[in-house]
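So for the sequence shown, my numbering puts the first residue at 496; every next one is plus one.
Here a beta-carbon is modelled for each residue, glycine too, at the ideal position from N, C-alpha and C.
Following: one structure in structure tokens, then a few remarks.
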Amino acid sequence: MKEETKPTLLVVGAGGFIGGFIAAEGLRRGFDVYAAVRESTSRRYLTDPALKFVVLDYDNPQALSDALKQSAPSPRGWDYIIYNLGATKAVNFADFNRVNFIYLRNFVSALLRLEMAPDKFLYMSSLSALGPYDEKTGRPADCKTMPHPNTRYGLSKIKAETFLETTPQLPWIIFRPTGVYGPHERDYLMMIECIDRHFDFSVGFRPQMLTFIYVEDLVGAMYDALASDNTVHHKYIISEPRAYTQKEFRAIVGRALGGKWVIPVKLPLWTTYIASYVAEKIGVLKAEASTLNRDKFRIMRQRNWQCSVDDAVRDFGFHADYPLERGIACTVEAYLKNKNTKK
496 MKEETKPTLL
506 VVGAGGFIGG
516 FIAAEGLRRG
526 FDVYAAVRES
536 TSRRYLTDPA
546 LKFVVLDYDN
556 PQALSDALKQ
566 SAPSPRGWDY
576 IIYNLGATKA
586 VNFADFNRVN
596 FIYLRNFVSA
606 LLRLEMAPDK
616 FLYMSSLSAL
626 GPYDEKTGRP
636 ADCKTMPHPN
646 TRYGLSKIKA
656 ETFLETTPQL
666 PWIIFRPTGV
676 YGPHERDYLM
686 MIECIDRHFD
696 FSVGFRPQML
706 TFIYVEDLVG
716 AMYDALASDN
726 TVHHKYIISE
736 PRAYTQKEFR
746 AIVGRALGGK
756 WVIPVKLPLW
766 TTYIASYVAE
776 KIGVLKAEAS
786 TLNRDKFRIM
796 RQRNWQCSVD
806 DAVRDFGFHA
816 DYPLERGIAC
826 TVEAYLKNKN
836 TKK
């Protein structure tokens with residue numbers, strides 16, 4: 496009896512926080528998973544022996560084409576590709592543009608030259624590609640919301656999206672997730688660490704509505720979108736379908752930490768801008784990307800992060816199994832385990 500062939504999947508940007516979960520879920524779902532990494536990429540979260548590695552140089556189009564050709568499971572390439580490569584912070588716009596736009600363009604161009612377009616190509620963008628929207632009424636963003644990104648990161652993402660939209664021969668799907676959290680993620684880990692030390696810092700005095708998506712819900716949505724017949728050449732916002740205040744987030748984290756008492760500290764926007772500006776300039780002098788920067792300030796300043804996931808529900812049955820309470824409990828459990836290991 497002939498052995499059934501597994502569908503092949505290439506995960507581009509597999510070494511990061513989300514990439515490790517994508518690769519693991521692909522193996523669990525029966526895919527033959529190839530993990531695309533750079534030579535310098537850490538493989539800390541890619542330890543399953545079933546993974547096959549593809550080392551790519553995105554700065555060198557010819558080397559990129561050669562590596563794809565040599566590594567592909569067949570002359571037609573992979574059945575599916577999830578493109579998760581990207582930079583969320585950088586020293587300057589040129590770096591954002593290079594990693595988030597030029598690398599994607601080089602990769603897709605190589606695929607098309609080699610006639611290796613997959614059955615579906617899922618691109619990980621960001622809700623930041625939209626920029627601020629309806630700050631007055633708080634109306635949720637949806638598929639009809641006009642993008643006007645106000646960060647260098649968001650601008651680089653909308654450039655990448657526009658490139659895909661002008662490449663109709665590629666069966667692309669675009670995901671715009673809101674804030675992604677879970678074990679190994681760094682930005683929300685910093686917030687959890689502050690609350691663990693009894694402080695919660697927020698910016699501005701106007702109410703802010705925050706949205707989240709737990710990493711496993713995001714990854715599950717990716718595979719559901721790949722399996723659907725209704726998703727090619729569509730964009731989807733991915734989020735838990737409700738918003739939270741900073742107070743609610745603080746209370747949930749505090750309970751997960753065992754009932755921590757927490758002092759909320761609200762910082763005026765102007766002081767946060769000055770701190771962001773100075774931190775960014777110090778980063779430029781050191782040629783290092785600063786976690787606190789003017790992009791981050793604009794994201795923190797935005798009051799309305801509410802969004803609609805109706806299109807994702809309609810087209811591939813999207814659902815979030817991890818409301819914030821459950822997702823934070825898993826994240827804090829991993830944080831405490833790592834904290835106790837270091838003692």
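Span separating the alpha-carbon of residue 697 from that of residue 588
26 Å
If you draw a straight line from the alpha carbon of residue 617 to that of residue 756, how long is it in whole angstroms?
42 Å
Selected residue, minimal CA-CA separation from residue 544, among 625, 563 and 518:
518
Need the endpoints of the alpha helix (DSSP H) that residue 755 sits in, please.
Note, residue 755: premise wrong, no alpha helix (DSSP H); not H, not E.
Based on DSSP bridge pairs, tell me the residues matched to residue 794.
Bridge partners of residue 794: none, in fact.
Between the region 620-633 and the region 663-679, do three or more beta carbon pairs fall short of 8 Å?
yes
From which residue to which residue does the alpha helix (DSSP H) around residue 695 run?
Premise fails: residue 695 lies in the beta strand (DSSP E), 694-698, not in any alpha helix (DSSP H).
Would a C-beta distance cut-off of 9 Å place residue 703 and residue 798 closer than the cut-off?
yes
Residue 496 (DSSP reduced to helix, strand or coil)
Legend: pLDDT at residue 496 = 36, less than 50; position of this residue unreliable, value from coordinates given subsequently. Here residue 496 sits in coil by DSSP.
Taking the alpha-carbon of residue 794 as reference, which of 646, 594 and 683 has the nearest alpha-carbon?
646
For residue 746, which of helix, strand or coil comes out of DSSP?
helix
Closest Cα partner of residue 684 within the set 825, 788, 790 and 505:
825
Nearest to residue 758 by alpha carbon, out of 600, 690 and 523?
690
Return the CA-CA distance between residue 541 and residue 509, expressed in angstroms with no decimal places.
8 Å
Beta strand (DSSP E) segments (min. 3 residues) lying fully within the region 609-670:
615-619
Is the CB-CB distance between residue 830 and residue 687 below 9 Å?
yes
Answer with buried or exposed for residue 775, where buried requires no fewer than 16 other C-beta atoms within 10 angstroms of its C-beta.
buried
Go to residue 578, then tell me how far its beta strand (DSSP E) extends in each direction, as first and last residue.
575-578
Endpoints, the alpha helix (DSSP H) within which residue 730 is located
Where residue 730 is concerned, there is no enclosing alpha helix (DSSP H), although the beta strand (DSSP E) it sits in stretches over 729-733.
Local Cβ density within 10 Å of residue 565, reported as buried at 16 or more and exposed below that:
exposed
Nearest to residue 730 by alpha carbon, out of 539, 576, 554 and 660?
660
Is the region 746-756 in contact with the region 548-559, if contact means three or more CB pairs nearer than 8 Å?
no
Please return the same chain residues whose Cβ sits closer than 8 Å to the Cβ of residue 504, not counting the five positions on each side in sequence.
521, 526, 527, 528, 529, 573, 574, 575, 576 and 577
What three-state label does DSSP hand residue 720 in the structure shown?
helix
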